[in-house]
Amino acid sequence: MSDGFYDLAAILGALAAAALLIVRFRIASIRKKVLDSLPFTISRKAELSDSERQQLLGWSEDPFRVNSLGLTWSAKDEHFTLFEKGVAASRVSLLRYKVAGLTIAGIGGVVTAPPFRGKGYASVLLELALDQARNQYGADFGVLFCLPDLEKFYADRGFARARIVTDARLVPMFKQLGRRHWPDETLEMGPW
95 MSDGFYDLAA ILGALAAAAL LIVRFRIASI RKKVLDSLPF TISRKAELSD SERQQLLGWS
155 EDPFRVNSLG LTWSAKDEHF TLFEKGVAAS RVSLLRYKVA GLTIAGIGGV VTAPPFRGKG
215 YASVLLELAL DQARNQYGAD FGVLFCLPDL EKFYADRGFA RARIVTDARL VPMFKQLGRR
275 HWPDETLEMG PW
């Protein structure tokens, strides 16, 4: 206060700070309500319990439909499992991979148990996993290998066919995560 007048800048600064606190509180309150209203939870634990594995994969001898290809799978670095009302419903896994100077988020183990399909759960997990890969380890691209009948599913989520030489009968696909563009040369990698 100077000569009975408050400093207008100080008053405006205090009002702005108070408004920001109110906005942050409202956003946090809205976020909590939204998260509490979701019909699912997401876990990042690596291992599934026997009952969770049964819930997610027990509906088929070959839930990924690739046993006949005779592939060997790499261990994944991170796992995202979605639970609906305590039941393991969907899962996506990631591994970090380097090739031709690129950091790749290898996507694998994408599965949704039949009773939970069509709810967007795999899409939620894919975006969460790719966001993690982009922000936590600077992945340039997400790359996956899918069966031909799943190509449209992934294309609808922003993936495109990749120029990758692989020994499998799977479709290689990529999604740009950063500023780099997919290289012109054909790469050799995966599947994982």
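Straight run, no breaks: the sequence shown in the numbering used here ends on number 286. Think of the CB as a built atom: it goes at the ideal place given N, C-alpha and C, for glycine as much as any other residue. Since this is a predicted model, take the numbers as computed values, not measurements.
Item	Value
Close Cβ partners of residue 149 (< 8 Å) along its chain, the five nearest in sequence each way excluded	181, 182, 183, 207
Of the residues 133, 152, 194, the one placed nearest residue 144, counting alpha carbons only	152
Limits of the beta strand (DSSP E) - the one that residue 186 falls within	181-193
Nearest-angstrom Cα separation, counted from residue 154 out to residue 267	25 Å
In chain order, each beta strand (DSSP E) run of at least 3 residues that lies wholly inside the region 246-284	265-270
Local Cβ density within 10 Å of residue 209, reported as buried at 16 or more and exposed below that	exposed
C-beta contact flag for residue 202 and residue 163 at 8 Å	no
Cβ contact (3+ pairs, closer than 8 Å) linking the region 187-206 and the region 220-231	yes
Three-state class that DSSP yields for residue 145 in the structure shown	helix
Neighbour-count burial assignment, residue 141, 16 or more Cβ in a 10 Å radius	exposed
Residue 199 versus 178, 214, 230, 175, residue with shortest Cα-Cα distance	230
C-alpha gap between residue 177 and residue 171, whole angstroms	20 Å
Beta-bridge pairing of residue 196 - partner residues as DSSP gives them	193
Residue from 240, 160, 269 whose Cα sits closest to the Cα of residue 234	269
Through-space distance from residue 196 to residue 254, alpha-carbon basis	17 Å
Neighbourhood of residue 135 by C-beta, 6 Å cutoff - its chain only, sequence neighbours within 5 removed	177
Other residues of its chain near residue 284: CB distance less than 6 Å, five sequence neighbours each side excluded	239, 260
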